[in-house]
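Taking it in order: structure first as structure tokens, then the write-up.
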Amino acid sequence: MIDPDLETALQAALAEPPRRVRAVVLPDGRRFWLKRVERLSGRLRLQKGDPGRAFAAEREGLRALAAAGVPVAGVAAEGPDWMLMPDAGPVLTAVVADTGRGEAEKLRAFAEAGQALGRLHRAGLAHGRPAVRDVCWDGAEARFIDLERFRRARRAGFWQAADVVMFAQTAFTAWPGDPRWLDAALDAYAVSAPEGAMVAVRRLVWWLTPVGWLAAGLARSRSGSRELRAAGLTLGRLRR
Ligand SMILES: Nc1ncnc2c1ncn2[C@@H]1O[C@H](COP(=O)(O)OP(=O)(O)O)[C@@H](O)[C@H]1O
Ligand SMILES: [Mg+2]
């Protein structure tokens, strides 16, 4: 099935107590990620939901995206309650933070991410939570990971619009003063997304207007968080 070094590392990782995600690094430096069904205590289960269902959704999402030709981290090997994925490169937040990369490459990474999200939506799917830290960049392709909230979109338009809002929200949380990278992603998204997608985004943003007021009020308070401030920036940007 898989090569002996990988098999050894995989068996060692599987013998460890299950964690949702862990890196598996081979002696030759090749890197994989092992995802497993998390075992949660009763209280955490209430907070985070059923880990078995999340795992199943993710597996279905990875397959659906691959089948639709959307760039996604592949599955190198899998068992009933685990999947081994090849490393898809650093996540977008790490790409931006990397001083060794030029600005042109960063913009390209975000444009690819936006284009990939548009293709995902054109296939009638919704990611569920395309946070900037859940998109990997390998230098050529932006790939989605973390598809726990994937759904074959019923009311696809709504969940697809929510994907765009979520992507923007996480970008403004990470970089409140710098919309360059988000703009690159949104421009590419608008080109590759299904017709009417940006209209659906603006409609959702209109519905979320009271959330913006609430967030603005809370953001002024002492406890105002980055996320709350980002909510206002997100709604302002996507209204255009
Ligand atoms: N295939 C992959 N390629 C590169 N990095 C990955 C991959 N899978 C997971 N990671 C890394 O592990 C982190 C956690 O994985 P993720 O699927 O986002 O789970 P969660 O956020 O639910 O813990 C990611 O943010 C990323 O840094
Ligand atoms: Mg994640």
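If you're matching positions, the sequence shown starts at 1 in the working numbering and goes up one per residue. C-beta: ideal position from N, C-alpha, C; glycine also. All of these numbers come straight from a predicted model, not from anything done at the bench.
- The beta carbon of P18 sits closer than 6 Å to the beta carbons of R36, R39 from its chain, once the five residues preceding and following it are set aside; these are given in chain order.
- R203 and D87 have their C-alpha atoms some 37 Å from each other.
- No heavy atom of ligand 2 is found nearer than 7 Å to the CB of R19.
- For R143, the number of other beta carbons within 10 angstroms of its own is at least 16, and it is reported as buried.
- The segment 152-168 makes no contact with the segment 81-95, as fewer than three CB pairs between them are under 8 Å.
- Scanning the segment 14-96 from its first residue to its last, the whole beta strand (DSSP E) runs of 3-plus residues come out as 21-25, 31-36, 77-79, 82-86.
- For W137, the uninterrupted beta strand (DSSP E) segment begins and ends at 135-137.
- V72 places its beta carbon 8 Å or farther from that of M83.
- In the structure shown, R119 falls within a helical segment according to DSSP collapsed to helix, strand and coil.
- Taking C-alpha positions only, E148 is separated from G217 by approximately 32 Å.
- Between A111 and F172, the C-beta spacing is not below 8 Å.
- Between ligand 2 and the CB of D146, the shortest heavy atom gap is smaller than 7 Å.
- Per DSSP, F150 lies in no alpha helix (DSSP H) segment and is marked neither H nor E.
- For R133, the distance from the CB to the nearest heavy atom of ligand 1 is below 7 Å.
- In chain order, G118, H121 place their CB closer than 6 Å to the CB of A193, counting only its own chain and leaving out the 5 sequence neighbours on each side.
- If you look at T234, you'll find it in the alpha helix (DSSP H) that goes 226-239.
- Here the alpha carbon of P210 sits roughly 40 Å from the alpha carbon of W33.
- Within the chosen limit of 7 Å, ligand 1 does not reach the beta carbon of M83 with any heavy atom.
- Closer than 7 Å to some heavy atom of ligand 1: that does not describe the Cβ of A193.
- The beta carbon of A188 sits closer than 6 Å to those of A111, G114, Q115, all from its chain and outside the five residues before and after it, given in chain order.
- The Cβ atoms of D138 and G89 sit closer than 8 Å to each other.
- The beta carbon of D87 sits closer than 7 Å to at least one heavy atom of ligand 1.
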